[in-house]
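Novice: Protein chains in written order, with the working numbering: chain A, 12 to 316; chain B, 10 to 494; chain C, 6 to 181.
Supplied in structure tokens, the structure appears directly below.
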Amino acid sequence: MSIANLLQNWSRYRDTHPYGGAKPHMGYKWAMAIDMDICTGCNACTVACYAENNLAVVGKEKFLNGKSMHWIRIERYWHDEQDPTDPLQLAAYRASGAGKHFPDQGAHFLPIMCQHCEAAPCETVCPVGATNHTQDGINSQIYNRCVGSRYCNVNCPYKVRYFNWFNYQDPATENAWPEPLNQQLNPDVTVRSKGVMEKCTFCVQRLRAVMVDARTEERLVREGEVQTACQQACLAGAISFGNMLNPDSRVGKQWMEQGVNIALDVQVKNERVGDNTPKRGYRILENLRPYPSVMYLEQVRESAV
Amino acid sequence: MTIKIKDDKPFLRDTSKMLWDGEPAAAEVRDISPHVSFAQITSDVVNSLENPRPIYWWAIAICVFMIGVGVACEFYQYRTGLGVSNKSNTNVWGVYIASFVFWVGVSHAGTLLSALLHLTHSDWRKSVFRYAEAMTTFALMTAGLFVLVHLGRLWQVYYVMPYPNERGVWSNFQSPLVWDMFVIGAYLTCSSIFLYTGMIPDLAVFRDNIHDGWRKKLYTFLAMGWQGTDRHWRNFRVAYLTLSVYLIILAVSGHSVVSSDFAMSQQPGFHITSFPPYFVVGALYSGNAALITVFIILRFMFRYEQYLNMDVLRKLVRLTFALAMIWTYLHLIEMATVWYGHDTAARDQLYFKATGAYAGWWWLFNFLAIVCPWVMAFRRWQTNLPVQMVLSLLLNVGMWLERWMIIAPTLGHSHYPWTFDFDQWPSFVQWGILFGSFGWFSLLILIFCKVFPAVSMYELKELAYARKMEAHHAPVGEPATKGAH
Amino acid sequence: MSKRHLLALFDSFDEAGEAILELRKAKFKGFNTDHDMIIKSPIEHPEFERVLGPKPVHVQWFPLFGSLVFSTFLFILVSGAQANFFEQLKGGKPIVPIPINLVPTYALFMIGGVFFTVLGLFVCAGLPARRVPLYTSRVLDDQIGVLVKADEATLPAIKAIFTKHKAVEFQEEVGK
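Laid out in structure tokens, this is it:
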């Protein structure tokens with residue numbers, strides 16, 4: 012039984028990601044590239060995500076209290092005198108609410124969502140196995156398995172996991188969508204219950220729909236057949252998303268062009284190789300070796316150095 | 010219910026007469042007064058079941074009130090959602106996990122005192138180890154409650170346990186939380202067994218001295234027909250020694266695994282190699298301080314002045330001081346390695362603890378846990394009951410703050426500056442449940458001491474016998490050496 | 006000839022020990038000093054117990070067995086359970102990560118040992134036990150009891166030895 016199973020398939024059980032006996036993804040490796048040099052910080056992606064994925068709108072008070080549910084958030088950074096890493100300044104911004112405390116220009120925008128790491132720190136620590144690495148390279152979250160220990164959030168270096176602090180599901184409570192707003196909920200996506208962790212899924216409901224279609228037609232999903240909600244809403248086209256294993260995919264080409272290797276923790280950013288254009292691609296907090304599936308593109312400017 | 014106490018019949022009356030003329034001076038009491046007879050030990054402990062001082066009942070009432078506060082808070086949180094505890098997506102843990110670590114820590118002193126000192130034949134443990142073991146068990150039960158309170162979906166907690174099911178879904182054995190479940194579960198099970206096994210001879214004494222009521226039935230059942238025969242003692246001795254060895258290893262691995270909840274994550278401020286020994290020693294430290302608190306309370310409440318005496322207290326205080334110094338060393342080492350290392354995130358995190366939003370609490374905990382124990386170094390304060398009472402409470406406040414300072418500033422100041430969040434002050438729900446947990450723990454201890462022997466009779470008798478023999482300058486077991494083959 | 010029990014109570018280990026030694030030397034007919042003599046005492050006294058002759062203890066083999074069985078069982082269970090999550094890697098780690106499985110294995114090593122120690126205690130010490138004839142609660146309080154089982158004819162001689170060594174009290178089984 013299980014011992015026989017173990018012995019027969021031993022080598023498969025010892026596969027790791029993303030290097031060293033790595034198990035190949037089964038035809039798909041969903042990945043993303045976000046060009047921050049194009050991003051205008053318009054927040055359309057965030058709004059689209061709220062609409063697509065039934066994200067709870069928590070209101071100003073809970074938002075300032077750190078209980079927001081935005082799976083994709085736009086972070087703003089200023090150069091010059093503003094130092095976003097200074098906790099005191101940041102706390103002052105946070106506390107200031109809607110007041111204008113930022114300069115009118117010099118902003119940089121960083122849309123950040125779950126990075127779908129190949130070696131995700133959140134996955135190993137979940138006591139119930141509610142979050143896993145799927146065969147198509149997504150960091151999945153199983154809501155009805157989650158018990159809400161919140162360890163995944165503690166171990167997530169990007170803090171892109173959001174917890175249901177209140178009951179946003181039950182219409183009887185004050186926190187749920189009031190009538191008739193509950194009519195606009197996406198029927199393809201569950202409304203998460205109280206006490207579970209949630210995060211960006213790369214719009215897995217869309218992916219699964221096209222993957223099932225493709226499988227019935229005995230092919231792989233074609234480039235452009237599926238878009239995530241944030242990608243669809245991005246007016247500048249800063250977000251590209253697709254199957255990295257597909258040689259036609261834009262995202263795969265971008266990764267290749269930037270020399271960003273999913274199994275490396277240091278990229279060749281800013282090195283001028285080949286055609287003398289500087290490489291712009293990098294991934295956030297690569298040094299921690301979670302091997303994220305989201306590549307960011309930004310030229311390092313003189314002023315920022 | 011009537012308790013029959015037999016006449017005071019001093020054991021080895023004639024030898025003790027040879028030893029002392031009149032009462033020995035207080036300084037001459039080594040662990041136990043040599044004038045204590047076996048029958049007196051029995052009658053004192055059996056009497057402790059019946060007539061505690063009136064303050065006992067006040068304490069019970071206060072504990073029940075505290076539990077009520079905690080239960081009300083938990084009920085509110087259960088109905089509304091964890092949001093009422095005022096955590097945020099950055100500060101996802103808080104008082105609950107800090108208190109979990111704290112209570113697991115309190116549990117460790119009992120094992121150290123009982124098992125480790127048993128192995129090393131430190132006789133002074135004999136008067137304190139029983140209630141220390143009970144504290145181990147009850148502190149673990151309290152710690153377990155915090156895991157439940159902490160969960161977002163408490164009603165699904167059984168997912169964490171590996172149980173066979175038709176879906177083939179198991180808990181994730183890679184998670185330190187599942188290790189916790191295993192190791193803390195093992196520790197709780199084994200410490201309860203250890204407590205019970207060590208109590209069997211005493212329960213037999215209760216069985217023989219109490220003649221009716223529910224107590225008689227309870228003790229008759231629990232004593233399992235113990236009659237103190239040589240066969241019983243012989244096997245008991247080896248079994249108890251074996252259990253001690255297992256318990257020591259379990260205690261060390263227990264808090265090491267709790268520390269791996271933090272050390273295994275990559276959060277700066279958690280990801281520190283020296284956490285396991287740091288946690289284990291911190292646990293022993295705070296647990297020993299809690300032992301002193303309970304020592305003083307039981308001594309007064311149940312009139313145990315004869316057994317929980319000043320000599321034992323002095324040794325307990327010295328042990329606590331030694332542990333405090335080891336812990337201080339590990340604490341400084343932990344900070345030194347972070348400060349000296351090249352991990353900027355961890356170093357910023359350390360600076361933040363010392364200078365940031367939680368700096369006041371951080372320095373307070375350093376003062377309470379590092380500076381305050383120095384009072385214990387002075388002989389004149391070592392047996393001063395009010396001083397030790399206040400001091401042991403302060404040390405535990407310091408050690409609770411230490412656990413909170415591991416969690417609150419660290420989560421607020423992670424790798425990712427955008428998510429820094431320093432202004433999450435725990436709401437009344439978290440404080441209420443923490444408050445309730447103290448009531449729960451104290452209630453369990455108080456009930457235990459009223460129903461079971463809070464000091465071990467047979468070990469005290471051994472201690473008294475050994476002291477008498479030593480004083481008599483007679484090698485223990487003289488006929489035995491002749492009789493051996 | 007029927008066998009009967011006799012319980013003698015002593016005030017000290019020394020006196021009881023002398024009495025037992027003399028009994029062993031006396032070699033009464035039909036009285037096996039290794040099996041027919043039981044000491045009851047309120048405290049354990051390993052050195053004193055040696056007067057009864059060599060009495061081996063086997064409790065320590067139980068935890069060895071328990072620890073090994075429990076830990077082996079758990080390691081196989083955990084590995085087999087992980088193998089159910091066939092295609093779902095966690096954190097890039099292998100599906101069956103050996104060092105990690107050793108942690109719960111270690112915990113079960115302890116549990117198995119503790120359970121079987123207690124089991125061993127119960128088996129070897131014969132607990133839960135019925136009370137032997139001639140039980141008195143004083144042996145758990147402050148007196149040493151020596152319980153012998155001998156032929157009716159030899160009992161007076163044994164009793165004389167006990168009396169010689171300052172036995173303070175006797176209890177005899179009532180004859181049929």
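We put the beta carbon where it would ideally sit given N, CA and C, even for glycine.
Because the structure is a prediction, the values reported are computed rather than measured.
With a cut-off of 8 Å on the beta carbons, I'd call A/G140 and B/N244 a contact; round off their distance for me.
Specialist: Wrong, their Cβ atoms sit about 44 Å apart, outside the cutoff.
Novice: Going along chain A, which residues have a C-beta under 8 Å from C/L94?
Specialist: D26, T27, H28, K34, E134, N143, H144
Novice: Compare the C-alpha of C/D16 against each of C/R9, C/G71, C/I44, C/V128 and name the closest.
Specialist: C/I44
Novice: Run down chain A in chain order and give the residues with a C-beta less than 8 Å from the C-beta of C/P4.
Specialist: Look at the range of chain C in this structure, 6 to 181, and you will see that residue 4 of chain C is not part of it.
Novice: Among B/P418, B/H424, B/M478, B/I301, which residue has its Cα nearest to the Cα of B/R134?
Specialist: The candidate whose alpha carbon is nearest that of B/R134 is B/I301.
Novice: Beta-carbon within less than 6 Å of C/E177's beta-carbon, same chain only, minus the 5 sequence neighbours each way: which residues are those?
Specialist: L11
Novice: Which residues in the same chain as B/G31 place their Cβ atom closer than 6 Å to its Cβ, once the five residues preceding and following it in sequence are excluded?
Specialist: Confidence in B/G31 is poor, its pLDDT being 38 and thus under 50, which makes the residue's placement too unreliable to answer from.
Novice: If I follow the unbroken alpha helix (DSSP H) through C/E177, where does it start and stop?
Specialist: Counting along the chain, C/E177 falls outside any alpha helix (DSSP H), though it belongs to the beta strand (DSSP E) covering 174-177.
Novice: Taking A/A44 as part of the beta strand (DSSP E), name the residues at either end of that continuous run.
Specialist: 41-46
Novice: Per DSSP, what kind of secondary structure is A/R87 in: helix, strand or coil?
Specialist: strand
Novice: Drop a sphere of 10 angstroms on the beta-carbon of A/G70, count the other beta-carbons inside from all chains shown, and report buried for 16 or more, exposed for fewer.
Specialist: exposed
Novice: With DSSP collapsed to three states, give me the class of B/S25.
Specialist: Note that B/S25 scores 37 on pLDDT, short of 50, meaning its location in the model is unreliable; the coordinates nonetheless yield the value given after this. Helix, per DSSP.
Novice: Given that B/Q275 touches chain C, what residues does it touch there, using C-beta distances under 9 Å?
Specialist: Residues of chain C passing the Cβ test: none, with the nearest at roughly 11 Å.
Novice: Mind listing the chain C neighbours of A/I14? Cutoff is C-beta to C-beta under 9 Å, in chain order.
Specialist: I81, S84, G85
Novice: Note down, in chain order, every chain B residue with its Cβ under 7 Å from the Cβ of A/E86.
Specialist: Under the 7 Å cutoff, chain B gives W427.
Novice: Would you kindly report the start and end of the unbroken beta strand (DSSP E) that includes A/S251?
Specialist: 250-254
Novice: Rounded to the nearest angstrom, how far is the Cβ of C/G118 from that of C/S72, given a contact under 8 Å?
Specialist: 4 Å
Novice: Can you tell me where the beta strand (DSSP E) holding A/N150 begins and where it ends?
Specialist: 150-152
Novice: Among all the DSSP beta bridges, which residues are the ones paired with C/F15?
Specialist: C/I149
Novice: Is the beta carbon of A/T142 closer than 7 Å to that of B/Q183?
Specialist: no
Novice: Could you say which of A/I83, A/P29, A/R25 lies nearest to A/C53 if we only look at CA atoms?
Specialist: A/I83
Novice: If you check the beta carbons only, do B/I454 and B/F74 fall under 7 Å apart?
Specialist: no
Novice: May I ask you to list, following chain order, the residues of the stretch 92-122 of chain B that have a beta carbon less than 9 Å from some beta carbon of chain C?
Specialist: none
Novice: Return no unless some Cβ of chain B is closer than 7 Å to the Cβ of C/G35.
Specialist: no
Novice: If you drop the 5 nearest sequence neighbours on each side, which residues of the same chain put their C-beta closer than 6 Å to that of B/I202?
Specialist: none
Novice: At least one CB of chain A closer than 7 Å to the CB of B/V169: is that the case?
Specialist: yes
Novice: So, using beta-carbon positions, are B/A48 and C/D156 closer together than 7 Å?
Specialist: Contact: no.
Novice: Identify, in the order they occur along the chain, each residue of the same chain with its Cβ nearer than 8 Å to the Cβ of A/W21, setting aside the five sequence neighbours on each side.
Specialist: none
Novice: Once the 5 residues before and after C/V173 are set aside, which same chain residues still bring their CB inside 8 Å of it?
Specialist: Hits under 8 Å: L14, F15, D16, Q148.
Novice: Output the boundary residues of the alpha helix (DSSP H) element that contains A/N143.
Specialist: First-last for A/N143: 142-144, but that is the beta strand (DSSP E), not the alpha helix (DSSP H).
Novice: Closest to B/M233 by CA distance: which of C/V123, C/L94, C/V179 is it?
Specialist: C/V123
Novice: Expressed to the nearest angstrom, what Euclidean distance is found between the alpha-carbon atoms of B/F330 and A/I295?
Specialist: Their backbone Cα atoms lie some 46 Å apart in a straight line.
Novice: Closest Cβ-Cβ distance between C/G118 and chain B: below 7 Å?
Specialist: yes
Novice: Alpha helix (DSSP H) containing B/F215: first to last residue?
Specialist: 185-218
Novice: Using 8 Å as the Cβ pair cut-off and three pairs as the minimum, do the stretch 42-58 of chain B and the stretch 206-222 of chain B touch?
Specialist: yes
Novice: Verify the CB distance criterion: does C/F175 have a CB-CB separation below 7 Å to chain B?
Specialist: no
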